[in-house]
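Below: the structure, in structure tokens.
Residue numbers (the numbering used here): 305 to 405.
Structural data, given as structure tokens:
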């Protein structure tokens, strides 16, 4: 007895993945535009420009980690530990450089 089953590629998974990349790209463009606007249009006080840019940069880095490096906290706690350790080390280095200068 022969069954006639046609195997079609799962397009919904591919479309979901593509949509995820497009949305991530749009968010990154918005974050970059916000950073550019903060600097060129003087939207925040002068002493708050660098902290605002650092916050936007951190958001963009996290977005890139989750989108393009496929970080997902569901897979492993080790991923979360390394991610937050890297953020903490970067934050400590940034504060140290700020205090030195």
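Glycine included, each C-beta is placed from N, C-alpha and C at the ideal position.
Which residues in the same chain have their Cβ closer than 7 angstroms to the Cβ of residue i, if we skip the five residues on either side of it in sequence?
i, result
"residue 367", "328, 331 and 332"
"residue 364", "332 and 335"
"residue 360", "335, 338 and 339"
Return the residue from the list the options that minimises the CA-CA distance to residue i.
i, options, result
"residue 325", "370, 383, 384 and 399", "370"
"residue 373", "387, 398, 337 and 340", "387"
"residue 395", "382, 405, 362 and 404", "362"
Among residues of its own chain, excluding the 5 on either side of residue i, which ones have a beta-carbon nearer than 6 angstroms to its beta-carbon?
i, result
"residue 348", "342 and 356"
By DSSP, does residue i sit in helix, in strand, or in coil?
i, result
"residue 328", "helix"
"residue 343", "helix"
"residue 405", "coil"
Any chance you could list the alpha helix (DSSP H) runs of at least 4 consecutive residues sitting entirely within the segment 353-401, in chain order? Complete alpha helix (DSSP H) runs here, min 4: 353-372.
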